[in-house]
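Participant:
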Amino acid sequence: MSDKKAKSKQEKYGEVAYYPGCALEGSGSAYNSSTKALGKALGLKIKEVENWNCCGAMEVKNIDPKLQTYLSSRVMSIAANKMNMNTVMAPCNGCYHNLKKAEYDLANDEETMEVVDRLSKKAGHETYEAGQVETIHALDWVKETIGEEGLKERVKNSLDGIKIANYYGCMYTRPRHIFPEKDAGPGSESTSQPHFMDDLLEAAGAENVEFPLKTACCGGAHTLSDSDTSTLLVSNILQAAEAAGAEVIATECPTCHSGLEMHQIRAEKTLGIKTNVKIIYFTQLLGMALGLKPKAVGLHENISNSFDFVKEKGLA
Amino acid sequence: MPIHEKSLIRPENLHVQEKIEVDGIDVSGHWSTFIESRVVTDYNEQLEEEIASLPGGEFIHRCWQCGSCTNSCTVNAINADFNPRYWIYLIRTGMEEELLRDKEIIWQCVSCNKCTYACPRDVVPEGVMKATSHWLELKGHTPKSNSMIFDEIFSEQVIANGKIEDGRTVRRFFARTGQAMMQPWMVEMIKSMMRNLPIGMLTRLGLANFITPRTSDWSGARDAMNEYIAEREAHHRKALRLDDLVQMAESEVGSR
Ligand code: SF4
Ligand code: SF4
Ligand code: SF4
Ligand code: SF4
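Protein chains in written order, with the numbering used here: chain A, 134 to 449; chain B, -16 to 239.
1) Who are the neighbours of residue 148 of chain B on chain A, taking C-beta pairs under 9 Å?
2) Roughly how many whole angstroms lie between the Cα atoms of residue 138 of chain B and residue 192 of chain A?
3) Going by the CB atoms, is the gap between residue 223 of chain A and residue 154 of chain A shorter than 8 Å?
4) Which value, in whole angstroms, describes the spacing of the CA atoms of residue 374 of chain A and residue 389 of chain A?
5) Any beta carbon of chain A sitting closer than 8 Å to that of residue 191 of chain B?
6) So the alpha helix (DSSP H) residue 215 of chain A belongs to, where does it begin and stop?
7) Can you pull every residue whose C-beta falls closer than 7 Å to some heavy atom of ligand 3, listed in chain order?
8) Which of helix, strand or coil does DSSP assign to residue 449 of chain A?
9) Under 7 Å Cβ to Cβ from residue 72 of chain B, same chain only, skipping five residues before and after it: list those, please.
10) Compare the beta carbon distance of residue 354 of chain A and residue 94 of chain B with 8 Å and say whether it is the shorter of the two.
11) On the DSSP letters alone, give me the boundaries of the alpha helix (DSSP H) that residue 218 of chain B sits inside.
12) Comparing C-alpha positions only, which one of B:60, B:7, B:51 and B:30 sits nearest to residue 366 of chain A?
13) If we count the other Cβ atoms within 10 Å of its Cβ and call it buried at 16 or more, is residue 186 of chain B buried or exposed?
14) Is residue 191 of chain A close to ligand 4? I mean its beta-carbon at under 7 Å from any heavy atom of the ligand.
15) Skipping 5 residues on each side, what residues in its chain have a beta carbon closer than 8 Å to that of residue 289 of chain A?
16) Can you tell me whether residue 99 of chain B is buried or exposed, with buried defined as 16 or more other CB within 10 angstroms of its CB?
17) Going residue by residue through the segment 240 to 274 of chain A, where are the continuous alpha helix (DSSP H) segments of at least 4 residues, counting only ones entirely within it?
18) Tell me which residue opens and which closes the beta strand (DSSP E) that residue 296 of chain A is part of.
19) Using a 10 Å radius around the Cβ and a threshold of 16 neighbouring Cβ atoms, would you call residue 234 of chain B buried or exposed?
20) Using three-state DSSP, classify residue 85 of chain B as helix, strand or coil.
21) What residues in its chain sit with their C-beta under 6 Å from that of residue 420 of chain A, if we drop five residues either side in the sequence?
22) Alpha carbon to alpha carbon, what distance is there between residue 41 of chain B and residue 107 of chain B?
23) For residue 189 of chain A, which residues from the same chain have a beta carbon less than 8 Å from its beta carbon, with the 5 sequence-adjacent residues on both sides left out?
24) Using a Cβ-Cβ distance under 8 Å, would residue 328 of chain A count as near chain B?
25) Can you tell which of B:52, B:6, B:23 and B:199 has its C-alpha closest to the C-alpha of residue 256 of chain A?
26) I need the DSSP call for residue 431 of chain A, collapsed to helix, strand or coil.
27) Starting from the C-beta of residue 259 of chain A, find all residues in its chain whose C-beta is less than 6 Å away, skip the five residues before and the five after it, and write them out in chain order.
28) Would you mind working out which of B:211, B:144, B:28 and B:131 sits nearest residue 89 of chain B, comparing C-alpha positions?
29) With 8 Å as the threshold, decide whether the Cβ of residue 255 of chain A is near any Cβ in chain B.
30) Return the residue from the list A:141, A:394, A:238 and A:147 that minimises the CA-CA distance to residue 174 of chain A.
31) Measure the beta-carbon distance from residue 117 of chain B to residue 37 of chain B and round it to whole angstroms, keeping in mind my assumption that it falls under 8 Å.
32) Just to confirm before moving on: does the CB-CB distance between residue 115 of chain B and residue 70 of chain B stay below 8 Å?
33) Less than 8 Å between the CB atoms is what I'm expecting for residue 220 of chain A and residue 275 of chain A, so what's the real figure, rounded?
34) Is the CB-CB distance between residue 239 of chain A and residue 261 of chain A below 8 Å?
35) When the Cα of residue 208 of chain B is compared with those of B:109, B:141 and B:18, which residue comes out closest?
36) Give me, in chain order, the residues of the same chain whose beta-carbon lies closer than 7 Å to that of residue 387 of chain A; leave out the 5 immediate sequence neighbours on both sides.
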């Protein structure tokens, strides 16, 4: 990537429209507070998308995929047409994935364009047109604006001596075609071996372990409707992380995160599989590395208890 | 695991005589194995078309049976009977009865899209799984799966208010599927949440039960979406000939 392009990305992502999504207002509130605290500590500006709606998560598409596309398009339309923003940043894999998918479908599928236009007109707002905004994940946001070098300069409490397995889940990389910027050569994210979170945490001093299940599925779609399957899938992930020597699983999605936390408990209850690996958002880890207090990054809002752990590692 | 021919034959089609003598030769047990041949008379020639008419099923015709989907599948790894490639084969050849043998597990697809990632023909097998579970329910072969009930409760809330509140979604799910809300593992989970949470946070969570998050100015979007859903439902009924089925059933009942 040329220097010029890198600079423009850095500028462009310096101020983004922030789409927290429903999970961050509910079960994933720790991810919300830590993302905001991290952005503040790094001097990045975020403006919450005004009067946003849910993107439909993994559920509405099963009623009808085009409804889901409409929901995502409304969020992007507000960012573009009401707020004049050109970048939407979503920390939730589900939101990120759905906005990306909507972008792809609205650029490539005429039927989708027609339905979205019809629904937008009836709903009384401007129809979103492909290309008006770029959707990025919270990982892209930190990586492209501050980057590894910038983080290294700012680290106050190194994550030195913490062994981390980076878990990206499904929706950050699949299906590949909705992420045209990935697998695009040096500097880009990989869909088979994602590494943006690894890069950032390593820059903050952590030791990343060789983790084979980075993009395995936790069964989040059926976390309640088919809990036994989810518990089995999560316990595979937790055990593989421990076998790889990890003390922490770093997460970048509220659904993955609470899925791992819930089923860690359930696996112990129903399968007798006990694991001790801590489950912490990457934004919480980076925030603490920058010197923020555990409470400032919402560590107390996690289900799993990692207070003693972070104290022991000198982060509190 | 090697495939033994015998494991491909269903037990009910294998006949072995415990005690039998033919022309003075004892051919009891194994020696008298007889495999009942199967005659397929129940093709549904429109099966592929029906699946293709539902969202997600559109590209089923592209499949060339390479098996990459099954090979990469998350659920297949924990249950070998979960076999997207095989189901696509059955659908494309119209073998409805065979497909129905697996009707209880098809909905278990976790939408991880590993199959979509691996498929060389852009079939989007994940979509085919969703279309097939939907088809099973619309045709009355299976009751609504827990997964579909969850999707519906979630979507109802999004369409009505623009946003969801996860606590409410969870409670409604347990109520509608007739399960007790406080499963033992949930109690354990809530206990460990209490350990870490300050009181203020707990009250906030409690309060969330009474405040429904809403997107303002939402009624236009709500009406537009409800209208669209009604339109799609009518389309599916027609594509799956559901009204014909109902009529057939009615005349059958009437003639008795
Ligand atoms: S994916 Fe989750 S959090 Fe994101 S908007 Fe949708 S429901 Fe709400
Ligand atoms: S890993 Fe789990 S929660 Fe995360 S994207 Fe996949 S199914 Fe969803
Ligand atoms: S991977 Fe694609 S082409 Fe291969 S069997 Fe599965 S659906 Fe068919
Ligand atoms: S999306 Fe469904 S069918 Fe495809 S690999 Fe995942 S579980 Fe299997």
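Glycine included, each C-beta is placed from N, C-alpha and C at the ideal position.
Facilitator: Based on what the coordinates show:
1) Position 165 of the second sequence, counted from the first residue, corresponds to residue 148 of chain B. Chain A residues near residue 148 of chain B: 155, 158 and 159.
2) Locating residue 138 of chain B in the second sequence gives position 155, where the first residue counts as 1. Locating residue 192 of chain A in the first sequence gives position 59, where the first residue counts as 1. Whole-angstrom Cα-Cα distance: 7 Å.
3) Position 21 of the first sequence, counted from the start, is the residue given in the question as residue 154 of chain A. Position 90 of the first sequence, counted from the start, is the residue given in the question as residue 223 of chain A. Taking 8 Å as the Cβ cut-off, residue 154 of chain A and residue 223 of chain A qualify as a contacting pair.
4) Numbered from 1 along the first sequence, position 241 holds the residue referred to as residue 374 of chain A. Numbered from 1 along the first sequence, position 256 holds the residue referred to as residue 389 of chain A. Distance between the alpha carbons of residue 374 of chain A and residue 389 of chain A: 15 Å.
5) Residue 191 of chain B sits at position 208 when you count from the first residue of the second sequence. Its pLDDT being 45, under 50, residue 191 of chain B is placed unreliably by the model, and nothing is read from it.
6) Here the question's residue 215 of chain A lines up with position 82 in the first sequence. Premise fails: residue 215 of chain A is in no alpha helix (DSSP H) and is neither H nor E.
7) B:45, B:46, B:47, B:48, B:49, B:50, B:51, B:52, B:53, B:67, B:68, B:71, B:98, B:101, B:102, B:103, B:104, B:106 and B:108
8) Residue numbering aside, residue 449 of chain A sits at position 316 when the first sequence is read from its first letter. If DSSP states are grouped into helix, strand and coil, residue 449 of chain A belongs with coil.
9) The residue labelled residue 72 of chain B in the question sits at position 89 within the second sequence. The beta carbon of residue 72 of chain B sits closer than 7 Å to the beta carbons of 48 from its chain, once the five residues preceding and following it are set aside; these are given in chain order.
10) Stepping through the first sequence from its first residue, residue 354 of chain A is reached at position 221. Stepping through the second sequence from its first residue, residue 94 of chain B is reached at position 111. Yes, Cβ-Cβ distance for residue 354 of chain A and residue 94 of chain B is below 8 Å.
11) By one-based count along the second sequence, residue 218 of chain B stands at place 235. Residues 202 to 222.
12) Residue numbering aside, residue 366 of chain A sits at position 233 when the first sequence is read from its first letter. Per the Cα distances, B:60.
13) If you number the second sequence from 1, residue 186 of chain B lands on position 203. At residue 186 of chain B the pLDDT is 43, less than 50, meaning the model places this residue with poor confidence; the figure from the coordinates comes in the next sentence. Looking at its Cβ environment, which holds fewer than 16 other Cβ atoms inside 10 Å, residue 186 of chain B is exposed.
14) Mapped onto the first sequence, residue 191 of chain A falls at position 58. Incorrect: residue 191 of chain A has no Cβ contact closer than 7 Å to ligand 4.
15) Along the first sequence, one-based indexing puts residue 289 of chain A at 156. Excluding residues within five positions, the ones whose Cβ falls inside 8 Å are 422, 423 and 424.
16) As a first step, residue 99 of chain B is located in the second sequence; it is residue number 116 there, counting from the start. Buried is the call here.
17) The segment 240 to 274 of chain A contains these whole alpha helix (DSSP H) runs: 243 to 256.
18) Within the first sequence, numbered from 1, the residue matching residue 296 of chain A stands at position 163. 296 to 300 is the extent of the beta strand (DSSP E) around residue 296 of chain A.
19) Sequence index remark: in the second sequence, residue 234 of chain B carries index 251 (1-based). Result: exposed.
20) Here the question's residue 85 of chain B lines up with position 102 in the second sequence. Residue state, collapsed to three classes: coil.
21) Mapped onto the first sequence, residue 420 of chain A falls at position 287. Answer for residue 420 of chain A: 167, 170, 171 and 430, listed in chain order.
22) Taking the second sequence and counting its residues from 1, the one referred to as residue 107 of chain B is at position 124. Taking the second sequence and counting its residues from 1, the one referred to as residue 41 of chain B is at position 58. Roughly 9 Å separates the two Cα atoms.
23) On the first sequence, residue 189 of chain A is found 56 positions in, with the first residue counted as 1. 200, 201, 204, 205 and 231, listed in sequence order.
24) Working through the first sequence from its first residue, we reach residue 328 of chain A at position 195. With 8 Å as the cut-off, residue 328 of chain A does not count as an interface residue toward chain B.
25) Mapped onto the first sequence, residue 256 of chain A falls at position 123. The residue with the shortest Cα to Cα distance from residue 256 of chain A is B:199.
26) If you number the first sequence from 1, residue 431 of chain A lands on position 298. Under the three-state reduction of DSSP output, residue 431 of chain A falls in the coil class, being neither helix nor strand.
27) Taking the first residue of the first sequence as 1, we reach residue 259 of chain A at position 126. Once the five neighbours on either side are set aside, the close Cβ partners of residue 259 of chain A are 210 and 214.
28) Along the second sequence, one-based indexing puts residue 89 of chain B at 106. With distances taken between Cα atoms, residue 89 of chain B lies closest to B:131.
29) Here the question's residue 255 of chain A lines up with position 122 in the first sequence. It does; some Cβ of chain B falls within 8 Å.
30) For the purposes of this step, residue 174 of chain A is taken as the residue at position 41 of the first sequence. When each option's Cα is compared against that of residue 174 of chain A, the closest is A:147.
31) Counting from 1 along the second sequence, the entry for residue 117 of chain B is found at position 134. Counting from 1 along the second sequence, the entry for residue 37 of chain B is found at position 54. Residue 117 of chain B to residue 37 of chain B, Cβ: 5 Å. Contact.
32) Start at 1 with the first residue of the second sequence, and residue 115 of chain B comes out as number 132. Start at 1 with the first residue of the second sequence, and residue 70 of chain B comes out as number 87. In this structure, residue 115 of chain B places its C-beta atom within 8 Å of the C-beta atom of residue 70 of chain B.
33) Taking the first residue of the first sequence as 1, we reach residue 220 of chain A at position 87. Taking the first residue of the first sequence as 1, we reach residue 275 of chain A at position 142. About 13 Å; that fails the 8 Å criterion.
34) Counting from 1 along the first sequence, the entry for residue 239 of chain A is found at position 106. Counting from 1 along the first sequence, the entry for residue 261 of chain A is found at position 128. Yes; because the gap between Cβ atoms is below 8 Å, this pair is in contact.
35) Here residue 208 of chain B refers to the residue found at position 225 of the second sequence. Minimum Cα distance to residue 208 of chain B is reached at B:141.
36) Here residue 387 of chain A is taken as the residue at index 254 of the first sequence, counted from 1. Spatial neighbours of residue 387 of chain A in its own chain (CB-CB distance under 7 Å, excluding positions within 5 residues in sequence) are listed in chain order as 156, 157, 160, 161, 164 and 225.
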